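In what follows, a single structure is set out as structure tokens and then discussed.
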Amino acid sequence: MPTESKHPETIVLHAGYRSDPTTNAVAVPIYQTTSYQFNSPEHAANLFALKELGNIYTRIMNPTNAVLEERVAQLEGGVAALALGSGQAASLFAVQNICHAGDNFVASTDLYGGTWNLFLNTMKTMGIEVRFVDPSDPENFRRATDARTRCYYAETLPNPKLTVFPIGEVAKIGRSLGVPLIMDNTAAPVICRPLDHGAAIVMHSTTKYIGGHGTSIGGIIVDGGNFDWEKHAERFPMLNTPDPSYHGAVWTQAVKPLGPIAYILKARVTLLRDVGAPMAPFNAFMFIQGLETLALRMRAHNENALKVSKYLAEHPKVSKVIHPSQQTGEAQRRAAAYLKGGLGALIGFELKGGMEAGKKFIDALKMFYHVANIGDARSLAIHPASTTHSQLTPEEQQQTGVTDGYVRLSIGIEHIDDILADLDQALKTA
Ligand code: PLP
511 MPTESKHPET IVLHAGYRSD PTTNAVAVPI YQTTSYQFNS PEHAANLFAL
561 KELGNIYTRI MNPTNAVLEE RVAQLEGGVA ALALGSGQAA SLFAVQNICH
611 AGDNFVASTD LYGGTWNLFL NTMKTMGIEV RFVDPSDPEN FRRATDARTR
661 CYYAETLPNP KLTVFPIGEV AKIGRSLGVP LIMDNTAAPV ICRPLDHGAA
711 IVMHSTTKYI GGHGTSIGGI IVDGGNFDWE KHAERFPMLN TPDPSYHGAV
761 WTQAVKPLGP IAYILKARVT LLRDVGAPMA PFNAFMFIQG LETLALRMRA
811 HNENALKVSK YLAEHPKVSK VIHPSQQTGE AQRRAAAYLK GGLGALIGFE
861 LKGGMEAGKK FIDALKMFYH VANIGDARSL AIHPASTTHS QLTPEEQQQT
911 GVTDGYVRLS IGIEHIDDIL ADLDQALKTA
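In this text, residue positions in the sequence shown follow the working numbering: the first is 511, and each later residue adds one.
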């Protein structure tokens, strides 16, 4: 292994690859190939039987993707990862890998809207029931659990509320009942490692901070290797009984010689094989470039965001600032417990002038981009009430935290003076 370092700055540059074995190229090559020649019939047979791990077909694995997978796995403190074509594919696979028709899972109400829709509507058509619970009381997860509950799902730093999820509390409840916690850590790479707090699986939309430059769509799932699927065999028949889709393999047994990777290997060789949502090798290359500066960028994002939140908190046209630095009580305690080295770069704020002020503010921005994305090196803004969250009822506004005057910022790494100047001139119009 090219690095044993525990430091994110080093892992993102050195984990999983030193140089290309045939050309000595230092940059990770883009292996733009569909297929890999087998050395012999025996080699081919071993690969298909999983007696040996190796490349077969790029729908299932690719050497460029493998470097990204190794780096993100080490960054998160996990044992293996699976790169996919989008964050949405990663959310779906993470759950579907262990949750089948007739099963249920418990998810936090504070989720990205796309995930919410996937879970509530699309997964319902697959016969999978999501049970949404308010994460402010971790015990809600226990109360919603029954014998058919296969996992818990939440986001580390969900927007728009930006209240850090009680990772350790919910992971502990889950472990006492044999239910693994899956964390979407898209908004908090480097500053939070959910696996360290008891989560079993982590996923990212790599589209955001990992890519960092707004060029590519991708997702990744990391297996913590820290959940005892065999101990909870009744809850996870899909990992502990013969799988007809793979010659009757019992995943927890078949994978033993390869390490605690039953969950992620099953996702790769059954779901990814069958559904086919791979990350393109070119996109994996782009994410590898982004990953190299991730730790550095996160520092700059965090520092700028802290200054913006202070500036907004003192602005006369702003009634409320939503950022962990402005929180008190339990939310503040959680931010301190789970975020290290920064509080994230997403900021919400409410304009006293409501809907019209929100639209005017967005229209007046000169440097910030008006986009639905987050986690770009550039500063981004959106007014959800007139875009992503139009048509909300007052109850839904209350539940989501998106009021008429709510604006979401994703603070970039430009010079802080330019960020504040753009906000200042746009606020004058609001
Ligand atoms: N999770 C979070 C927290 C997100 O913000 C997003 C996208 O906005 C996703 C998942 C979905 O990722 P993608 O757009 O890469 O499919």
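Don't be surprised by glycine CBs; every beta carbon is placed ideally from N, CA and C.
Predicted model, so just to flag it, every value in this text is computed and none were measured.
Going by DSSP, tyrosine 662 is part of the beta strand (DSSP E) stretching over 659–665.
By alpha-carbon distance to glutamate 579, the top candidate from Leu902, Phe615, Ile731 and Ile832 is Ile731. The closest CA to that of threonine 659, considering only Gly624, His742, Pro645 and Gly734, is found on His742. Looking only at Ala698, Glu813 and Ala599, the smallest Cα-Cα distance to glutamate 665 is reached by Ala698. Pairing asparagine 883 with leucine 875 gives a Cβ-Cβ distance that is not under 8 Å. Per DSSP, reduced to three states, the secondary structure at serine 550 is coil, with no helix or strand assignment. In this structure, the beta-carbon distance from asparagine 793 to serine 726 falls below 8 Å. Per DSSP, aspartate 914 lies in no beta strand (DSSP E) and is assigned neither H nor E.
Judged by DSSP in its simplified three-state form, histidine 880 adopts strand.
Counting along the chain, the unbroken alpha helix (DSSP H) around isoleucine 926 starts and ends at 926–939. Secondary structure of asparagine 614 (DSSP, three-state): strand.
Counting only runs of at least 4 residues, the region 668–739 fully encloses the following alpha helix (DSSP H) elements, listed from N- to C-terminal order: 677–687. Per DSSP, the unbroken beta strand (DSSP E) holding phenylalanine 859 starts and ends at 856–861.
Here isoleucine 798 has Val538, Thr574, Val577, Leu578 and Arg581 as same chain residues with Cβ atoms under 8 Å from its own Cβ, once five neighbours each way along the sequence are excluded. Under the three-state reduction of DSSP, serine 545 is assigned to strand. When C-alpha distances from phenylalanine 871 are compared across Gly854, Ala895 and Arg888, the shortest belongs to Ala895. Note on geometry: alpha-carbon atoms of alanine 931 and lysine 827 lie some 16 Å from one another. Looking from the CA of lysine 850, the closest CA among Tyr916, His707 and Pro531 belongs to His707. Taking the Cβ atoms as the reference, threonine 717 lies roughly 29 Å from tryptophan 739, outside the contact range of under 8 Å. The alpha-carbon of lysine 516 is positioned some 8 Å away from that of glutamine 584.
As a beta-bridge residue in DSSP terms, alanine 591 pairs with Val732.
Relative to the Cα of methionine 713, the nearest Cα in the group Leu667, Glu679, Phe746 and Arg685 belongs to Leu667. Counted as a single uninterrupted DSSP element, the stretch harbouring phenylalanine 651 is not any beta strand (DSSP E) but the alpha helix (DSSP H) occupying residues 649–653. With a cut-off of 7 Å, the C-beta of serine 889 is classified as distant from ligand 1, since no heavy atom of the ligand falls inside that distance.
Alanine 891 carries a strand assignment under DSSP once its states are collapsed to helix, strand and coil. Taking the Cα positions, alanine 759 is about 15 Å away from isoleucine 608.
Excluding five sequence positions before and after histidine 899, the CB atoms of its chain that fall closer than 6 Å to its own CB belong to Val912, given in chain order. Annotation: methionine 633 to valine 818 spans about 39 Å, alpha carbon to alpha carbon. Residue state for leucine 919 is assigned as strand, using DSSP reduced to three classes.
The C-beta separation of leucine 804 from glycine 722 comes to about 7 Å, placing the pair in contact by the 8 Å criterion.
Isoleucine 923 is positioned such that its CB atom lies closer than 8 Å to that of alanine 810. Shortest Cα-Cα distance from leucine 705 to any of Ser646, Gly678 and Ser686 involves Gly678. Secondary structure of serine 601 (DSSP, three-state): helix. With fewer than 16 other beta carbons inside 10 angstroms of its own, glutamine 542 counts as exposed. In the three-state reduction of the DSSP assignment, phenylalanine 642 falls in the strand class.
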